[in-house]
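Structure first, commentary second.
In full-length UniProt numbering, the protein residues as written are 1 to 767.
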């Protein structure tokens with residue numbers, strides 16, 4: 001057959017192959033719109049000769065490449081041709097495989113044959129699964145040099161080391177941030193689509209959304225895993241499937257027989273990549289099975305004890321077995337199915353116990369870096385602990401399982417500030433309880449301290465009786481140890497537990513005893529804490545004037561110690577008492593200072609308190625709608641964090657809500673409360689800023705830039721009213737209100753209604 005005719009036949013066949021694929025009923029690509037458009041756009045650039053779609057096994061590289069092939073087929077003289085390299089092995093296999101795919105049987109070398117058959121004509125070659133072939137880069141370079149019209153679309157799990165190569169990383173499908181957004185998640189869409197293939201009536205419903213989301217999260221959005229999991233709905237319901245996924249490698253197999261063998265089970269998909277590693281790379285990959293939720297380079301170096309850990313990490317990333325993760329310092333992670341494979345190999349390894357011990361000791365050292373005296377780690381420190389919480393808890397489990405009580409206590413003690421600051425104190429309390437219940441626990445100062453910290457967490461979680469019991473155990477143990485400093489702290493802790501329950505009569509003498517002992521010991525930090533607690537307890541028991549000297553004493557100590565956290569707490573509590581007693585100027589000064597010092601604290605209790613204080617201040621200044629939104633945001637935050645407050649704090653919040661409810665029409669109160677409950681962080685911060693920066697309503701004249709009607713509209717916006725509500729008040733249409741708002745945004749160079757409301761409040765624009 002003449003070469004020109006052969007090339008024409010090849011082109012027709014490639015077109016037909018693309019048409020056959022489109023008509024074959026193959027499921028549409030899900031969640032890859034961006035990558036699909038980008039791949040096509042790159043391959044049509046003259047300077048792009050080789051595009052590599054790189055990603056882990058099971059992520060959908062071949063399906064994306066097939067779709068690109070079908071779409072770009074008409075754009076090349078000889079069309080787009082698929083070359084399956086997966087069955088091949090050994091060197092020098094790429095060019096012969098291309099010849100077979102193009103039906104080129106000319107004598108001579110494969111490159112010469114291709115050069116004569118293709119010449120300068122346009123051709124897209126899809127080289128699928130290149131990662132396992134040794135040294136394919138030389139063939140790729142030679143092909144590009146000899147055939148100027150050829151473009152290569154390559155799928156590979158590993159990096160190809162060729163100059164001017166363009167890489168398109170393919171990540172797992174997007175997961176929903178919240179169950180409410182599940183329907184728009186690509187991972188959920190794929191799972192539902194595949195589930196309908198085995199259960200036609202399956203759909204996403206309010207009843208199963210949480211379960212479907214949990215399944216997709218358990219599989220990290222990996223398409224192959226999602227498809228295999230959906231097929232299991234033939235056998236088990238969603239609840240059962242989620243339970244089975246605790247061992248995903250045992251469950252996710254039995255894929256379609258017309259798929260490649262490595263795509264028929266999750267274990268085979270990962271093993272395909274694992275088998276391509278060197279022994280050293282396999283050893284480091286296996287060690288990664290000890291991590292939960294990701295790791296840093298120093299952690300990997302500590303666990304592996306290998307001088308080449310960094311170089312091996314780079315190699316594993318280039319093999320798509322490890323991915324970069326978010327975090328500071330830089331972090332890496334394994335997709336959960338891949339991590340389970342590594343953990344499975346690790347469990348069978350003779351080094352399993354050694355690696356687990358190194359892992360636990362590394363995270364013990366990380367936890368011990370926390371300054372337990374400050375009890376408020378920096379935002380950066382809190383972020384590191386939060387990111388590594390799964391590893392920290394795994395280390396704690398290891399120490400408890402191996403009966404290393406002292407190390408378990410030390411790790412738990414280092415995590416106490418984290419548990420106090422991040423919310424959900426019940427979780428921290430339960431972990432501490434398990435550590436304290438260890439049979440070989442050593443009664444000592446650390447144990448006594450843990451009892452005190454467990455009491456604090458139990459109090460925040462609402463377990464007041466357990467909190468008091470642990471506080472008394474802490475005090476008794478310190479007394480047995482003849483530890484006078486510890487006894488003073490324990491007295492203060494017990495008094496705090498009693499005060500939280502509203503038992504002020506018993507709490508006040510204990511606090512006074514603790515303060516006297518701390519003064520005798522010269523413990524300035526302890527004196528600051530206890531002076532603050534005494535002031536708060538006195539004021540909450542109705543002794544407002546008697547509390548003021550102790551607030552002042554605490555603030556002097558915080559200034560002396562240069563302790564901004566302590567000052568922020570004391571200012572905040574005193575602001576509440578000033579505002580409750582209508583001492584507006586003093587309350588405003590304290591509230592603003594607390595906000596200035598503490599706006600970046602990573603402490604859910606302090607954040608909740610700031611919201612309440614700002615709501616109280618806004619109410620006292622006459623901005624009731626802002627006050628309602630802040631009070632609602634405070635309640636929503638406390639509920640989400642499962643934090644319980646002292647009884648006096650509930651009373652203070654109930655008083656504020658009742659006051660605001662009485663000051664507003666029911667519809668306005670309900671609307672503002674809903675806004676505050678649903679507000680995101682930016683809107684809440686904007687309201688906080690408004691409350692902290694405004695003065696009492698007055699007759700200060702606003703700028704002349706706005707018309708009288710615009711000022712009337714602006715006053716309604718500042719009160720949090722909708723366009724419809726403002727229109728009803730002023731007797732105009734909502735559309736006219738919207739035009740006035742748009743005009744004001746333009747005149748004042750602002751971006752949105754939140755900024756406009758803040759501007760109005762700062763300049764005292766009132767009805």
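Beta carbons are placed, not taken as given, at the ideal position from N, Cα and C, and that holds for glycine.
Bear in mind that the values here come from a model prediction, so they are computed numbers and not experimental data.
Please tell me whether residue i and residue j are closer than 7 Å, where the distance is taken between their beta carbons.
i           : j           : result
residue 499 : residue 507 : yes
residue 64  : residue 32  : yes
residue 768 : residue 684 : Shown here, the chain extends from 1 to 767; a query on residue 768 therefore has no answer.
residue 118 : residue 147 : yes
residue 511 : residue 495 : yes
residue 166 : residue 276 : no
residue 410 : residue 452 : no
residue 173 : residue 183 : no
residue 772 : residue 332 : As displayed, the chain neither begins before 1 nor continues past 767, which places residue 772 out of reach and without an answer.
residue 432 : residue 450 : yes
residue 190 : residue 228 : no
residue 379 : residue 596 : no
residue 126 : residue 69  : yes
residue 524 : residue 557 : yes
residue 149 : residue 120 : yes
residue 448 : residue 398 : no
Tell me the rounded alpha-carbon separation between residue i and residue j.
i           : j           : result
residue 619 : residue 579 : 10 Å
residue 145 : residue 682 : 55 Å
residue 421 : residue 574 : 21 Å
residue 538 : residue 429 : 28 Å
residue 24  : residue 62  : At residue 24, the pLDDT of 41 sits below 50, so the modelled position is not reliable; the number obtained from the coordinates is stated separately. Going by the C-alpha atoms only, they are around 16 Å apart.
residue 10  : residue 109 : Unreliable placement is indicated for residue 10, whose pLDDT of 42 sits below 50; no coordinate value is reported for it.
residue 350 : residue 152 : 44 Å
residue 217 : residue 52  : 27 Å
residue 49  : residue 238 : 46 Å
residue 504 : residue 648 : 10 Å
residue 744 : residue 418 : 45 Å
residue 135 : residue 157 : 14 Å
residue 643 : residue 456 : 12 Å
residue 540 : residue 615 : 19 Å
residue 757 : residue 720 : 8 Å
residue 124 : residue 101 : 12 Å
residue 214 : residue 270 : 22 Å
residue 740 : residue 710 : 6 Å
residue 666 : residue 470 : 45 Å
residue 699 : residue 592 : Note that residue 699 scores a pLDDT of 34, beneath 50, so its modelled location is shaky and nothing firm can be said.
residue 366 : residue 334 : 21 Å
residue 726 : residue 185 : 37 Å
residue 750 : residue 690 : 15 Å
residue 115 : residue 329 : 50 Å
residue 44  : residue 103 : 25 Å
residue 3   : residue 77  : Low per-residue confidence applies at residue 3: pLDDT is 39, beneath 50, and the placement is therefore not dependable, though the value from the model is reported in the following sentence. Looking at the two C-alpha atoms, the distance is approximately 14 Å.
Tell me residue i's beta-bridge partners as DSSP assigns them.
i           : result
residue 166 : 51
residue 156 : 54
residue 151 : 124
residue 84  : 128
residue 295 : 332
For chain D, is any of its Cβ atoms less than 7 Å away from the one on residue i?
i           : result
residue 718 : Going by chain labels, chain D is absent from the structure shown, which holds only one protein chain.
Our contact map puts residue i next to residue j with C-beta atoms below 8 Å; I'd like the distance itself, whole angstroms only.
i           : j           : result
residue 623 : residue 761 : 7 Å
residue 769 : residue 617 : Here the chain has residues from 1 to 767 only, and residue 769 is not among them.
residue 225 : residue 58  : 6 Å
residue 232 : residue 222 : At roughly 15 Å, the Cβ-Cβ gap does not stay under 8 Å, so residue 232 and residue 222 are not in contact.
residue 571 : residue 590 : 4 Å
residue 356 : residue 290 : 6 Å
residue 310 : residue 159 : Rounded, the Cβ-Cβ distance is 16 Å, inconsistent with contact.
residue 95  : residue 143 : 7 Å
residue 718 : residue 673 : Rounded, the Cβ-Cβ distance is 18 Å, inconsistent with contact.
Unbroken stretches of the alpha helix (DSSP H), 4 residues or longer, contained in the stretch 396-451: 405-422 and 425-436
Hey, which unbroken runs of the beta strand (DSSP E) at 3 residues or more fall wholly within the stretch 322-348? 323-325 and 331-333
If we require 4 or more residues per run, which alpha helix (DSSP H) segments fall completely within the stretch 654-695? 666-678 and 681-693
May I have a chain-ordered list of the alpha helix (DSSP H) segments no shorter than 4 residues that lie completely inside the stretch 165-201? 186-198
Ignoring anything shorter than 4 residues or poking outside the stretch 597-626, list the alpha helix (DSSP H) runs there in chain order. Correct list: 604-620.
Runs of alpha helix (DSSP H) wholly within the stretch 201-260 (minimum 4 residues, chain order): 209-218, 223-231, 238-244 and 248-251
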